[in-house]
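Asker: Residue numbers (this note's numbering), protein chains in the order written: chain A, 1 to 239; chain B, 240 to 828; chain C, 829 to 925; chain D, 926 to 1148. By construction, the Cβ of each residue, glycine as well, lies at the ideal position given by its N, Cα and C atoms.
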Amino acid sequence: MQTTTMTDAMRPPVPAEPGAGVYSNKLGMWVFLASDVMFFTALIGSYIVLRFGMGSSWARPAAVLNVPLTGLNTFLLICSSVSMVKAYAAIADGKKYFLRKVPGKTLQDGGLKFWLLITIICGAGFVGVQVFEYIKLVGHGFTPSGYREGSLLAEHALADPVKYGAGVAGMYGSTFFTMTGFHGFHVTCGVISMLYLYFTKVLPEKYSPQDYRGIEVIGLYWHFVDLVWIILFTIVYLI
Amino acid sequence: MTAVAHTSTKAHHAPMSFWRKYIFSTDHKIIGIQFLFVSLFFLLVGGLLAMQIRWQLGFPGKPLPGGGILPESMVSGGVILPEYYIQLVTMHGTFMVFFAIMPLLVGVYANFLIPLKIGTHDMAFPRINMWSFWLALLAGLIMLAGFFVPDGAPRAGWTMYAPLSARPDLSGATISQKLWSISIVVLGLSSVMGSVNYITTIINHRAPGMTWFRMPLSVWALFITAILAVLALPVLQGAAIMLLFDQTLGTHFFDPGAGGQPLLWQHLFWFFGHPEVYILILPAMGMASDIIANGSRKPIFGYHSMVFAIIGIAFLGWLVWGHHMFMSGMNPTLGSTFMVSTLLIAVPSAIKVFNWLGTMWRGNLRFHVPMLNAIGFVSMFTIGGLSGIFMAATPVDIPLHDTQFIVAHLHYVLFGGSLFALFAAIPYWYPKMFGRMMSERIGKVHFYLTFVFYNMTFFPMHIIGMGGQMRRIYDPTIYDFLKPQQPLNRFISYSAFALFAVQFLFLFNFLWSLKRGKKAPQNPWEDNGMEWSLPNPAPHGNWDKTPNVYRGPYEFSAPEAGDKDYLPQYVKLPTDRDPVPAPLPAGGH
Amino acid sequence: MTNPSQPTTAHVRPNYMLIWLYLFVMTIAEVLLAFELPVSQNLKLILLLILAIWKAMLVALFFMHLKFERWRLRLIFIVPLPLAVILVTTVIMEKVF
Amino acid sequence: MRWWLPDAGSTFAGPIDALFLAILIITGIALVVVEVGLVTFVIKYRARPGRKAFYTHGSTRAEVIWTAIPAVTMVALGLISNHYWVLMKDKKSIPPNAYHVGVHAKQFEWQVTYPGADGKLGTGDDFTVRNQLHVTVNEPIAVELSAEDVIHSFFVPEFRVKQDAVPGMHITAWFQATKTGEFEIGCAELCGMGHYKMRGRVFVHTPDEYKAWMAQQAAGGTE
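#1: Measure the beta-carbon distance from residue 457 of chain B to residue 526 of chain B and round it to whole angstroms, keeping in mind my assumption that it falls under 8 Å.
#2: Looking at the unbroken beta strand (DSSP E) that takes in residue 1066 of chain D, where does it start and where does it end?
#3: Just checking, does the segment 799 to 814 of chain B make contact with the segment 756 to 767 of chain B on the three C-beta pairs under 8 Å criterion?
#4: Can you find a C-beta in chain E that's less than 8 Å from the C-beta of residue 930 of chain D?
#5: Report, in whole angstroms, the separation of the C-beta atoms of residue 758 of chain B and residue 674 of chain B, which I expect to be a contact under 8 Å.
#6: State the CB to CB distance for the pair residue 852 of chain C and residue 78 of chain A, rounded to an integer number of angstroms; the pair is presumed to be in contact (CB under 8 Å).
#7: Taking Cβ-Cβ distances shorter than 8 Å, what residues in chain B pair up with residue 908 of chain C?
#8: Count the other CB atoms, across all protein chains shown, that sit within 10 Å of the CB of residue 868 of chain C; report buried if there are 16 or more and exposed otherwise.
#9: For residue 596 of chain B, which option in B:265, B:811, B:545 has the closest C-alpha, if you only look at C-alpha atoms?
#10: Counting contacts by CB-CB distance shorter than 8 Å, is residue 490 of chain B in contact with chain A?
#11: Cβ of residue 857 of chain C less than 8 Å from any chain A Cβ?
#12: What are the start and end residues of the beta strand (DSSP E) that includes residue 1039 of chain D?
#13: With H, G and I counted as helix, E and B as strand and the rest as coil, what does DSSP make of residue 1028 of chain D?
#14: Quickly, what does DSSP pair residue 1077 of chain D with across the bridge? List them, please.
#15: Determine which residues of the segment 1030 to 1043 of chain D have a Cβ less than 7 Å from any Cβ of chain B, and write them out in chain order.
#16: To the nearest angstrom, report how far apart residue 451 of chain B and residue 550 of chain B are at their CA atoms.
#17: Since residue 157 of chain A contacts residue 148 of chain A with CB under 8 Å, what's their CB separation in whole angstroms?
#18: Which runs of the alpha helix (DSSP H) at least 4 residues long sit entirely within the segment 428 to 516 of chain B? Give them in chain order.
#19: Take residue 964 of chain D as the anchor and find which of B:604, B:317, B:382 has the nearest alpha-carbon.
#20: Just the chain A side, please: which residues come within less than 8 Å of residue 852 of chain C by C-beta, in chain order?
#21: How would you list, in chain order, the residues of chain A whose beta-carbon sits under 9 Å from the beta-carbon of residue 507 of chain B?
#22: In terms of DSSP beta bridges, what is residue 769 of chain B paired with?
#23: Restricting to Cα atoms, I'd like to know which of D:1121, D:1141, D:1138 is closest to residue 328 of chain B.
#24: Which complete alpha helix (DSSP H) runs does the segment 169 to 211 of chain A hold, if anything under 4 residues is left out?
#25: At the level of alpha carbons, what is the spacing between residue 468 of chain B and residue 397 of chain B?
#26: Between which two residues does the alpha helix (DSSP H) containing residue 1158 of chain D stretch?
#27: Are residue 880 of chain C and residue 91 of chain A close, meaning C-beta to C-beta below 8 Å?
#28: Round the Cβ separation of residue 425 of chain B and residue 381 of chain B to the nearest angstrom and send it over; I've been treating them as touching at under 8 Å.
#29: Starting from residue 1059 of chain D and walking both ways along the beta strand (DSSP E), at which residues does that stretch end?
#30: Among the candidates B:587, B:789, B:610, whose CA atom is the shortest distance from the CA of residue 990 of chain D?
#31: Smallest Cα separation from residue 1084 of chain D: which of B:720, B:651, B:353?
#32: Strictly below 8 Å CB to CB, what residues from chain A border residue 559 of chain B?
#33: By the criterion of Cβ-Cβ separation under 8 Å, what are the contact partners of residue 867 of chain C in chain A?
#34: Could you check which residue in B:509, B:621, B:478 has the C-alpha nearest to that of residue 655 of chain B?
#35: Let me check you understand the geometry: is the CB of residue 280 of chain B closer than 7 Å to at least one non-hydrogen atom of the ligand COA?
#36: For chain D, find out if any of its Cβ atoms is closer than 8 Å to the Cβ of residue 671 of chain B; answer yes or no.
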């Protein structure tokens, strides 16, 4: 997304009727998010259809996946979402600083620099945990094409075909890695964009209560990625 | 922060290097022109492929003239091989749909016309716009590369039905099938970037006075098209990614052996594909509306119903994708639903055709080349629309599905519809792009010859299709029931060659006029659009000061116009008041 | 909290930490539900889906401040949802046959 | 050279051809109205000096008329078509007394499995013949379609029968031939480089001929 501030000369001319009532970067981001909804519809919709087509023979997610670890990861992403919105609130109030003492309070008050950094750390943490999870899963023999022959999971599946969904392993691997992979890709893109903003805009204190479009726009993207994960976590890991 | 005074946009017009100005340009007009050259190139490539298809269908087993330059993997002794033939049909469809017609309509004219027609300086996100072009070009080159890799181009038809497309051992092409998927993902990204831009620009950047119902129909059509693209392309991207993973990572989305569903691909593809059909025709309808109103010197008949017809087509367009799958073994009840929605889509299309006729009724028709082509568009689109009804009625679709009848139908819509509208649009806005006029004389000869040869090429295909000739077959003569049709097939081929040859007139006219064309006056067509308030070609940044809009786009022959028969949107009559600018959206929330 | 000279944040700012708490509690409830419980699979499924949609709504309404936006902006986000539902239900209906 | 649909060879041809003709007439009228209107306007309203176009933004009445007429026509067409569509494609419409044969499509041939003497598929006396479908005239035939590798489409133009064979799915198409003779089967879905040569034949026999052929096959005869 375009994250730079437009100069006054590049500002949109005044429309005769108010357009969406918001500035273009935000409107553009919302349109892009609508488009992304359709992208995830293709992936998640296919998963639902394929799983439906398999009847009740799907594997128990907890048997294959590490649900508590991913629960922790979900927590990380929710935290990053709330810190993002705190960053947004901070700059709307003009708090450009990192931390500042507030008289009469033990906790220091966080500014934009603090909250955005927390968001970046949580986001990067999420990606890190996901990479760790992938490595573990592949190590156990769970791959996009199914359970690797001779692997731990393949043996388990032989012993307990119902629990491990021996017949659906291929489909399970395909949908799991594609959906979570593309979500992870979105998170990675978000983290990179935030890092870019952090060094080019946030640290030089280019945002002000008058103009913090970059923060709001990347925030929208970030919350959307969180939203998708909330859906994905439930339908992939829990159901 | 509230309203900011309009500052002059001249401020950032520092002289730019050649590279910034013409190659990595962020100017919407330059990007439009870049799209124009690239997509005309792909149009030519697609045409060349079509000629080889026609040669094989008309003269199966005869050596292709000039076929000697092709490698042995494609032709044997000059004769096209079956594996090359299916590459031809696949790539002809792919290039024409994704890299010729779609960028010609959306890439060129959405970019070029939207800011000019709504009275703004550039797109909302000029740099994203530039990326949109470069990604489209990259996607086109990846697709083209398919011809030059071992095993040749993709071989599963432009619809890439799985599992044929997913398994190299079944299709015979390994690398290029993957290239197809990658190229489509990149193209999808490009289209989404472009469409986000168009939507944002139209919603937020209209000049004061340019209310929703003062927008020209071309802008309305491009707006709705962008909405379709922004919601449809990601579905194709998702499907192409799944296909790519099936081809490379060993996933099983479309592999029935592991519980995958081949029909899932068709659903996803056509859920994108039918809106795509409207992406390919709505802009053509919009631009033809502008040109017909201009050529008739009359306001468009039923402007509001034209707008609602566009919206209606776009809305229904999401509910009809199943009609591409009537024979796929789908639930017949679903088939019935899809049949009804498909038949209903004929209604807004009929409204549009009759309103074009109504526009011409009691007009004062000027037959300049754009108008001729626009009339050609109306008459040919009518045939294309009506022939669709045969296939929408499910029982009649049974013998016609996947035969040459559908080929005829889709060419009547895409060639007779979209391409004729483009033959109208290109000369119409040529002066705005290059400052010169295309030759009227060559243009007229080109139109008449194209019109005749076009009908000679595609009309008989209906009959061939009724006779049962399947699509994409390499040699119809091996079937007893198709043999008697061979003379007609040859006739089609001769006409197609003539049709192709005639297009060089257009190409010559286009290129020759770049340097030698007549200098264009400021408003050569005496049109009402905002773009004609600018000199030709339009300068960088368009207007110095944001213009005001005083009326609707089709005030031809209005009584207030006095002795002239047009009244541009930018002309302020003594009775007009300046529009009140709305407050600028604040920089924060 | 809000700057009075700043007209752009017209609405009352929600308590973000409270929403975070809701999300946290619901996530824990979801993970617990996923373990073997003496409730039927279907009930579990419905509960999990309700929780997921509720969480998603919280994020969309408060974090993405859709609750405070005009309808024309909300519409942009709402339009794709029926399309998604149409696509998925149609393809599933096909399977039922 | 034919200028029409292939000769009718099954009970489906009657309604389909009639519907085709009906649509041809409806669309023909629409086409003539539009094209004649277009040509008339082009001639009658061509620009002449001193003439000015009639300034109008439209007429609601005219637009209502040309919205309503297509809408009513299309809905009527849909209702009529649906009746025959259900008859031809719905599983429930397959006559219970239909004679079942299996057709297995693979790159690039049709493998036709016959039920043998007991008249049932899936029993020991089934036998398979490549690219030849032998059926009895005036008897409903249910074709149980399956596919080995990619999607194919079973198409007999004279019978107005077309049905995709999708790997992983079992789809039954049915028809009832009305005249004896030999017809061709084509594949109507791109299935690879041999798509064009995926040609089979249908032989429509009288009951006696069919019995004789069956006996010959059962005895291990060729062709």
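Answerer: By the coordinates alone:
#1: Sequence index remark: in the second sequence, residue 457 of chain B carries index 218 (1-based). Sequence index remark: in the second sequence, residue 526 of chain B carries index 287 (1-based). At roughly 5 Å, the Cβ-Cβ gap stays under 8 Å, so residue 457 of chain B and residue 526 of chain B are in contact.
#2: Counting from one through the fourth sequence, the residue named residue 1066 of chain D turns up at place 141. From DSSP, the beta strand (DSSP E) with residue 1066 of chain D extends over 1065 to 1072.
#3: yes
#4: Here the protein chains are A, B, C and D, and chain E is not one of them.
#5: Counted from its first residue, the second sequence places residue 758 of chain B at position 519. Counted from its first residue, the second sequence places residue 674 of chain B at position 435. About 7 Å separates the two Cβ atoms, so the contact holds.
#6: Reading the third sequence from its first residue, position 24 is the one you call residue 852 of chain C. Reading the first sequence from its first residue, position 78 is the one you call residue 78 of chain A. The pair is a contact, with the Cβ atoms about 6 Å apart (cut-off 8 Å).
#7: Taking the first residue of the third sequence as position 1, residue 908 of chain C is located at position 80. What residue 908 of chain C touches in chain B: 470.
#8: Your numbering for residue 868 of chain C matches position 40 in the third sequence. So residue 868 of chain C ends up on the exposed side.
#9: Sequence index remark: in the second sequence, residue 596 of chain B carries index 357 (1-based). Considering only alpha carbons, the answer is B:545.
#10: Indexing the second sequence from 1 puts residue 490 of chain B at position 251. Yes, contact with chain A.
#11: Start at 1 with the first residue of the third sequence, and residue 857 of chain C comes out as number 29. Chain A contact via Cβ: absent.
#12: For this step, residue 1039 of chain D is matched to residue 114 along the fourth sequence. First-last of the beta strand (DSSP E) with residue 1039 of chain D: 1034 to 1039.
#13: As a working mapping, residue 1028 of chain D is identified with position 103 in the fourth sequence. Note: residue 1028 of chain D maps to strand in three-state DSSP.
#14: In the fourth sequence, the residue the question calls residue 1077 of chain D occupies position 152. Paired residues: D:1090.
#15: The residues in question are 1032.
#16: Locating residue 451 of chain B in the second sequence gives position 212, where the first residue counts as 1. Locating residue 550 of chain B in the second sequence gives position 311, where the first residue counts as 1. Distance between the alpha carbons of residue 451 of chain B and residue 550 of chain B is about 13 Å.
#17: The residue you call residue 157 of chain A lines up with position 157 of the first sequence. The residue you call residue 148 of chain A lines up with position 148 of the first sequence. With a Cβ gap of about 11 Å, residue 157 of chain A and residue 148 of chain A do not count as contacting.
#18: 456 to 487
#19: As a working note, residue 964 of chain D is residue 39 in the fourth sequence. Nearest of B:604, B:317, B:382 to residue 964 of chain D, Cα basis: B:604.
#20: On the third sequence, residue 852 of chain C is found 24 positions in, with the first residue counted as 1. Near residue 852 of chain C (Cβ distances below 8 Å), the residues of chain A are 75, 78.
#21: Working through the second sequence from its first residue, we reach residue 507 of chain B at position 268. Here the neighbours are 42, 45, 46.
#22: By one-based count along the second sequence, residue 769 of chain B stands at place 530. Paired residue(s): none; residue 769 of chain B is not in a bridge.
#23: As a working note, residue 328 of chain B is residue 89 in the second sequence. The option with the nearest alpha carbon to residue 328 of chain B is D:1121.
#24: 169 to 197
#25: Along the second sequence, one-based indexing puts residue 468 of chain B at 229. Along the second sequence, one-based indexing puts residue 397 of chain B at 158. Rounded to the nearest angstrom, the two C-alpha atoms are 18 Å apart.
#26: Nothing about residue 1158 of chain D can be read from this structure; chain D reaches only from 926 to 1148.
#27: What you label residue 880 of chain C is simply residue 52 of the third sequence in a count that begins at 1. What you label residue 91 of chain A is simply residue 91 of the first sequence in a count that begins at 1. Result no, Cβ atoms of residue 880 of chain C and residue 91 of chain A do not sit closer than 8 Å.
#28: Residue mapping note: residue 425 of chain B aligns to position 186 of the second sequence, counting from 1. Residue mapping note: residue 381 of chain B aligns to position 142 of the second sequence, counting from 1. At roughly 7 Å, the Cβ-Cβ gap stays under 8 Å, so residue 425 of chain B and residue 381 of chain B are in contact.
#29: Here residue 1059 of chain D corresponds to residue number 134 of the fourth sequence, with the count starting at 1. Unbroken beta strand (DSSP E) run through residue 1059 of chain D: 1057 to 1061.
#30: Locating residue 990 of chain D in the fourth sequence gives position 65, where the first residue counts as 1. Minimum Cα distance to residue 990 of chain D is reached at B:587.
#31: Within the fourth sequence, the letter at position 159 stands for residue 1084 of chain D. When each option's Cα is compared against that of residue 1084 of chain D, the closest is B:720.
#32: One-based indexing of the second sequence puts residue 559 of chain B at position 320. Taking the beta carbon of residue 559 of chain B as reference, no residue of chain A falls within 8 Å; the closest one sits roughly 17 Å away.
#33: For this step, residue 867 of chain C is matched to residue 39 along the third sequence. Neighbours of residue 867 of chain C on chain A: none; closest Cβ ~14 Å, over 8 Å.
#34: Counted from its first residue, the second sequence places residue 655 of chain B at position 416. For the residues B:509, B:621, B:478, the minimum Cα distance to residue 655 of chain B belongs to B:621.
#35: With respect to the ligand COA, the structure offers nothing, as it holds no ligand at all.
#36: Along the second sequence, one-based indexing puts residue 671 of chain B at 432. Look at residue 671 of chain B: its C-beta is not under 8 Å from any C-beta on chain D.
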